[in-house]
Structure formats: C-alpha cells, structure tokens
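Colleague: This structure is in structure tokens; I'll ask about it shortly.
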C-alpha cells in the first residue's frame, strides 16, 4: 500500500492520528451516544414516535422553512458577496463586518429582536399587518428568522472565490464577443458554483438545527408552526429521553443524507467541469 | 525573610483564614417566577440562621423552567434544595435521578408545599371584552394567551383549571369539560414555551384579550408594567397550585449541608417566611399571616389537583404524548 508516500511532507501519521482522535471526541462520540441511547427502543416504538402526525408536521415545517431560507440566501448572499468584491463604495468595510453579525449575536436575542419588530404592534409588523401580511407568529416568521441566522454562510463562502477570480477571463470572454449573460453563466457561475453550493449546504444544515431564534417568533402552534427541535424539547420536559433522542436521530439521518447528496452533487459537478477543461 | 516572602505568606494566611470562616453555601434550584420571592427570602434566612447558629450561610439561586431545572438536578447539578411548581418535577428527581428519597412530601407540613398560588385571568384595562369567567374564554372573537402545556407547568395548570371549571359548571361532566377546554385552546393564537414568555406576548406585544397565569405572576406584571395597564379577574372557580419544596438527600449528605438545608426549607413555614411569601402574592399557610393579608387574596372556590387523582395521574391522562391535550390540539388544527 502506498499509504505513507501520499505526501512528501513529514508528519502524516501524527497529523492524521490527531485529526481522527479530535473528530472522534468532538463529533463521533456524542453522536454515538445519541444513537446508542435510541437502541433502547424497539423498532415499532421508535417508528410510532417518529411517525406521529404532529411530529411529521414539524419535519415539514423545519425542512421546508430551512430550504426556503437557504434558497433566499443563495441568491441574496451571492448578490451581497458580488457587491462587496466588485464595487468600491463608502462604508464597504462596515457593511462587510455587518454580514458576520448574525454569527455573533446570541440566537435568542435575534429571535426576540425579530419578534419585536414584526409583531402586530411592532415597527414593521404594524404597517405590514395593514397590508394583510402577518410575519411574526406564523410560518413566515420562521423563514425570516432562519434567513437572518444563515445569511453569512453563502456570503462568506463565495466571497473569497470571487476575490481570487481572474478578471482577465471575463475580459477575454467579452473581447471574444460573449454577452453579459454568457459571461455570467459560462465563466463566472462554473467557477463559483462549488462555493455557492457549499454555502447553501451550510446554511441549510444550520437552519435545520436552529432553535433559539425561531422559538420566539414561530408562535409554536401545533401542526402549523412547530419546529422539530421544539418536539425534542417538549419530549424532554416530559422526561421522555428516549422519545427525544428518537426524533433527534431522525433529524440527524435526514440532515446527513441531504449533506451527502449535496456533497455528491458537488463532486459530480467538479468532475464534469474538470473534464470539460 | 524578604518582603516578598512576607507578603506571600500574609496572603496565604489570609486566604487560609478566609477558608476557615468560609460560609456554608447552599444552592437552591428553583423555577422561573420564584426569582422575586427568594430575593427577599434569602437575606432574611441568612440573618436568622446566623443569629441562631452563629454560622454564616450564603445561598445561591438558579432559576429556569420548572421541569428543565429538575432535569439539571437529575443530570448532576448539585442542588441542596429544590423549590418547584409541580410535585411531578420532584417525583421525577426521585425516580430518574434518585438524588431525593421517596417520601419527601411527608417531611414538611402541607405536603411540603409552604405556599400556593392559583390561576387568574388578566385582561386589558377596563376589560373591554367583558371577560368574567372561564366560559368567556371559549367564546368566538376572544384571543387567549397561555403557555404551552407540553413545555410549561404554568400551561398545565391553566389547562387543568379550565378542565376543572368545565367539570364544576352547572351540569358539568367530562364531555362538557372537554368541550370548554377545546373552545378555550382554539382561541390561542400563540403558544409560548413558558410563563414569562406568555407574559411578554400579552403585555409587550399586546397580543390577545386575556392572559391566564399564576396570581403571583400578576403581581410581577404590576411591578414591571404598572398597575394601571391591566386588570386581574378572579374566575368563579380555579385551581389551587401547591408549590412544593424538598431537600436533595444525596447532595446534602455528600456536602454535609443537611442541617442547614433542612433549616432553610423549615424557615419557609415560619411567620417571617410566610409573610415574605404573602408580600410576593403567594398564598401563605399560616393562619395569622393569611388573616393579615386577606385583602389581597380574594377567596374564590378552589379545587386541587386531587380532583384529577394527583398531578401524576393528570400528566398521564392529559399531557403525555397522544393524551387528551394532544388530541385536542389535533382537533383544533384540523378545524382551522
């Protein structure tokens, strides 16, 4: 086996050992504990817990709202990254720093702030209510909170790639008679696509697990605006540890499957683009 | 001896002496709305204890949702005493964590509940919707704010109060109780996770016509938002919520704090402790204190959780997964 000669750099064994140990302790161990706890349930009980209509309704809300939020940020995030990289304007550094704010803000604070703004008596909620749009305490509020929380992911993954892009390529395309749309779709998009997809995936994954901000703005009505993490909490409130872990395992499995799918898509794209070159 | 050594020796000595006279520290793990009460009670107890036993005691407080706090104790938070809003939370510590011995409710008078509260209705100033009793909460066009019975003890008491009112009304029975409770919960626009969050929704966001919560929470609202902003309505009948306390046997035996922890809870029944409770709008047990504060505690018809065979039976019948509350929630969602 050529295992050792894979790199000319020394210290491969040591660093691989460290990485594996670290990943095991920080990631695998808690997950293993979670899964081993659910092994205390037999299959029929497990299935009864995770397929209960009320729980199933929360999957739809959680995954649906997360998907919408990630899609919104896919476009808006790209736009913000583009503006920040390509155009000089006053206050640019300030705006750049602003993008990270949702990372730094405790999520509960974000939730309360958004709920206060968009509540029927809030600064934005009141005029919107007059237009017949209700945001706080509806599923729309969940999407709003998730969009806020996951904004930095797409911006921060796409930004460095855009910065490193060779402008000459676009200029060459332009001088060869490509239209603006062609430059975007044939030159820029293929380059940033992997980063865009990564940002989308991160945003999506983060949104699925989000609890703190959503809980304050969702209204938490059964079958309508309950998110899956709330189901886990409410099981814990009944000291039903097994039920809580069962739902957590479902979330974990679905998230993992989705991440795997997107990673696979990325790999396939990279390969396809690589061959084209 | 160099100056430096002298200094460090002096420092070491002083820290040693600090250790020697270090006070006993108690950790009281409690629920959300007890914050204000223990803020008043703890200094009073420290003073009493120091005078009687010539020993200092410092009390640390931890607050949060009642069940969440119980879970922390089960998972290893070293509480000397727990002061909860439902006996089922203490029972859970007995059963799941085994840090408290069975029979805790017999160690103090009144089933180890030094005071009680009850569910009242809080309405907007002037009571524009004319809400007087539980039946009004189920009428169409009324919005009711309650915390989620799945995640909050306060919410569970609200549900039980409504159900009990349904039973006690003229010609009341289980079917009528279910009807009334369903009507009330279909008027709930937002389900907050806990009692404080529900208060915020009602007072700060100005959502809803009526908030159902504990009587002592009503006093907190008065202190926080001003007395002129709302009115407290006493329904014709309500639930008596006993607020139980217990010494955490495993922890006090390990830390050697049993004596002071026992005394700490005992003092809750003293006239001073009862008076502090009354000042915080918790209904005292002591007859003299009750008489003194009679004005602030209108007497209404009350029923206890015994009506449902105790909290444990009520939890099973109403709040477990798939039980009556879940069925009602599903019915309401289907109708909308």
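Residue numbers (UniProt numbering), protein chains in the order written: chain E, 1 to 277; chain V, 1 to 336. Think of the CB as a built atom: it goes at the ideal place given N, C-alpha and C, for glycine as much as any other residue.
#1: If you follow the alpha helix (DSSP H) that residue 276 of chain V is part of, which residue opens it and which one closes it?
#2: Using a 10 Å radius around the Cβ and a threshold of 16 neighbouring Cβ atoms, would you call residue 11 of chain E buried or exposed?
#3: Quick one: list the residues of chain E neighbouring residue 190 of chain V, beta-carbon separation under 8 Å, in chain order.
#4: When you compare the CB positions of residue 79 of chain V and residue 251 of chain V, do they come within less than 8 Å of one another, or not?
#5: Give the secondary structure of residue 176 of chain E by DSSP, where H, G and I count as helix, E and B as strand, and everything else as coil.
#6: May I ask you to check if the CB of residue 41 of chain E is nearer than 7 Å to at least one heavy atom of the ligand MN?
#7: Leaving out the 5 sequence neighbours to the left and right, which residues in its chain are closer than 6 Å to residue 269 of chain V when beta-carbon positions are compared?
#8: Would you list, in chain order, the members of the segment 97-121 of chain E that have their beta-carbon closer than 8 Å to a beta-carbon of chain V?
#9: Can you tell which of E/134, E/167, E/140, E/173 has the C-alpha that lies nearest to the C-alpha of residue 207 of chain V?
#10: Cutting at 7 Å between CB atoms, please list the residues of its own chain near residue 66 of chain V, excluding the five before and the five after it.
#11: Show which residues of chain V have a CB atom less than 8 Å away from the CB atom of residue 53 of chain E.
#12: Compile a chain-ordered list of the residues in the segment 234-246 of chain E whose CB is closer than 9 Å to at least one CB of chain V.
#13: Using the C-alpha atoms, what's the distance from residue 60 of chain E back to residue 173 of chain V?
#14: Going by DSSP, what residues sit across from residue 246 of chain V in a beta bridge?
#15: For residue 257 of chain E, which three-state DSSP category applies?
#16: Which word fits residue 21 of chain V, buried or exposed, when buried means at least 16 other C-beta atoms lie within 10 angstroms of its C-beta?
#17: Please confirm if residue 227 of chain E has its CB atom under 8 Å from at least one CB of chain B.
#18: In its own chain, which residues sit with a C-beta less than 8 Å from the C-beta of residue 199 of chain E, not counting the 5 before and 5 after it?
#19: For the segment 142-176 of chain E, which residues have a CB atom closer than 9 Å to at least one CB atom of chain V, in sequence order?
#20: What do you get for residue 205 of chain V, buried or exposed, if any count of 16 or more other CB atoms within 10 angstroms of its CB means buried?
#21: Output yes if chain E places a C-beta closer than 8 Å to the C-beta of residue 290 of chain V; else output no.
#22: Using a Cβ-Cβ cut-off of less than 7 Å, list which residues of the segment 203-215 of chain E approach chain V; keep chain order.
#23: Does the beta carbon of residue 224 of chain E sit closer than 8 Å to a beta carbon anywhere in chain V?
#24: With 16 as the cutoff for other CB atoms within 10 Å, does residue 168 of chain E come out buried or exposed?
#25: Which of helix, strand or coil does DSSP assign to residue 308 of chain V?
#26: For the putative contact between residue 215 of chain V and residue 118 of chain V, defined by C-beta atoms under 8 Å, what is the C-beta separation to the nearest angstrom?
#27: Which residue spans inside the segment 19-54 of chain V form an unbroken alpha helix (DSSP H) run of at least 4?
#28: Would you kindly report the start and end of the unbroken beta strand (DSSP E) that includes residue 115 of chain V?
#29: Output the boundary residues of the alpha helix (DSSP H) element that contains residue 60 of chain V.
#30: Following the continuous beta strand (DSSP E) through residue 214 of chain V, name the residue where it begins and the one where it ends.
#31: Check the Cβ-Cβ distances between residue 67 of chain V and every residue of chain E, and say whether any is below 8 Å.
#32: Can you tell me where the alpha helix (DSSP H) holding residue 215 of chain E begins and where it ends?
#33: Would residue 21 of chain V pass as an interface residue toward chain E - the criterion being a Cβ-Cβ separation below 8 Å?
#34: Nearest CA to the CA of residue 282 of chain V: which residue from V/310, V/51, V/186, V/120?
#35: Near residue 34 of chain E, what residues of its chain come up, given a Cβ to Cβ distance below 8 Å and the 5 sequence neighbours on each side ignored?
#36: Tell me residue 55 of chain E's beta-bridge partners as DSSP assigns them.
Modeller: Checking against the coordinates, here is how it stands:
#1: By 1-based counting over the second chain, the position of residue 276 of chain V is 276. Counting along the chain, the alpha helix (DSSP H) containing residue 276 of chain V begins and ends at 271-279.
#2: Position 11 of the first chain, counting from 1, holds the residue named residue 11 of chain E. It counts as exposed.
#3: What you label residue 190 of chain V is simply residue 190 of the second chain in a count that begins at 1. In chain order, 137, 219, 220, 221 make up the part of chain E whose C-beta sits under 8 Å from the C-beta of residue 190 of chain V.
#4: Taking the second chain and counting its residues from 1, the one referred to as residue 79 of chain V is at position 79. Taking the second chain and counting its residues from 1, the one referred to as residue 251 of chain V is at position 251. A contact, by the Cβ cut-off of 8 Å.
#5: As a working mapping, residue 176 of chain E is identified with position 176 in the first chain. In this structure, residue 176 of chain E counts as coil in the three-state DSSP scheme.
#6: Absence of the ligand MN from the depicted structure is noted, as is the absence of any ligand whatsoever, leaving it without description.
#7: Stepping through the second chain from its first residue, residue 269 of chain V is reached at position 269. These residues qualify, in order along the chain: 114.
#8: 115, 116, 119, 120, 121
#9: Mapped onto the second chain, residue 207 of chain V falls at position 207. Residue 207 of chain V has its Cα closest to that of E/134, out of E/134, E/167, E/140, E/173.
#10: Position 66 of the second chain, counted from the start, is the residue given in the question as residue 66 of chain V. Closer than 7 Å at Cβ, skipping near neighbours: 31, 84, 85, 86, 89, 153.
#11: Indexing the first chain from 1 puts residue 53 of chain E at position 53. Correct list: 330.
#12: Residues 234, 235, 236, 237, 238, 239, 240, 241, 243.
#13: Residue mapping note: residue 173 of chain V aligns to position 173 of the second chain, counting from 1. Residue mapping note: residue 60 of chain E aligns to position 60 of the first chain, counting from 1. Computed Cα separation, rounded: 38 Å.
#14: The residue you call residue 246 of chain V lines up with position 246 of the second chain. Partner(s): V/82.
#15: In the first chain, residue 257 of chain E corresponds to position 257, counting from 1. If DSSP states are grouped into helix, strand and coil, residue 257 of chain E belongs with the helices.
#16: Translated into positions along the second chain, residue 21 of chain V becomes position 21. Note that residue 21 of chain V scores a pLDDT of 45, beneath 50, so its modelled location is shaky; the value from the coordinates is reported in the next line. Label assigned to residue 21 of chain V: exposed.
#17: In the structure shown, chain B cannot be found, because the protein chains are E and V.
#18: For the purposes of this step, residue 199 of chain E is taken as residue 199 along the first chain, with counting starting at 1. 73, 74, 77, 153, 154, 155, 156, 157, 158, listed in sequence order.
#19: none
#20: Counting from one through the second chain, the residue named residue 205 of chain V turns up at place 205. Flag for residue 205 of chain V reads buried.
#21: Locating residue 290 of chain V in the second chain gives position 290, counting from the first residue. For residue 290 of chain V, the answer is no, since every Cβ of chain E falls outside 8 Å of its Cβ.
#22: 215
#23: Here the question's residue 224 of chain E lines up with position 224 in the first chain. Taking Cβ atoms only, chain V reaches closer than 8 Å to residue 224 of chain E, which makes this a yes.
#24: Position 168 of the first chain holds residue 168 of chain E. Exposed, because fewer than 16 other Cβ atoms sit within 10 Å of the Cβ of residue 168 of chain E.
#25: Position 308 of the second chain holds residue 308 of chain V. Assigned with DSSP and collapsed to three states, residue 308 of chain V falls in helix.
#26: What you label residue 215 of chain V is simply residue 215 of the second chain in a count that begins at 1. What you label residue 118 of chain V is simply residue 118 of the second chain in a count that begins at 1. So it is a contact: roughly 5 Å between Cβ atoms.
#27: As far as the segment 19-54 of chain V is concerned, its whole alpha helix (DSSP H) runs of at least 4 residues are 35-53.
#28: For the purposes of this step, residue 115 of chain V is taken as the residue at position 115 of the second chain. Start and end: 115-124.
#29: Along the second chain, read from residue 1 onward, the residue named residue 60 of chain V stands at position 60. Taken as a continuous stretch (DSSP letters only), residue 60 of chain V belongs to no alpha helix (DSSP H), being part of the beta strand (DSSP E) at 57-62.
#30: Translated into the one-based positions of the second chain, residue 214 of chain V becomes position 214. Segment 210-214, the beta strand (DSSP E) holding residue 214 of chain V.
#31: Mapped onto the second chain, residue 67 of chain V falls at position 67. Yes - at least one Cβ of chain E is within 8 Å of the one on residue 67 of chain V.
#32: Numbered from its first residue, the first chain carries residue 215 of chain E at position 215. Element bounds for residue 215 of chain E: 214-217.
#33: For the purposes of this step, residue 21 of chain V is taken as residue 21 along the second chain, with counting starting at 1. Since pLDDT at residue 21 of chain V reaches only 45, below the 50 mark, its modelled position is unreliable, and no value is offered.
#34: By one-based count along the second chain, residue 282 of chain V stands at place 282. Per the Cα distances, V/120.
#35: Here residue 34 of chain E refers to the residue found at position 34 when the first chain is read from its first residue. Taken in chain order, the residues that qualify are 245, 248, 249, 252.
#36: The residue labelled residue 55 of chain E in the question sits at position 55 within the first chain. Looking at the DSSP assignment, residue 55 of chain E forms no beta bridge with any residue, so it has no partner.
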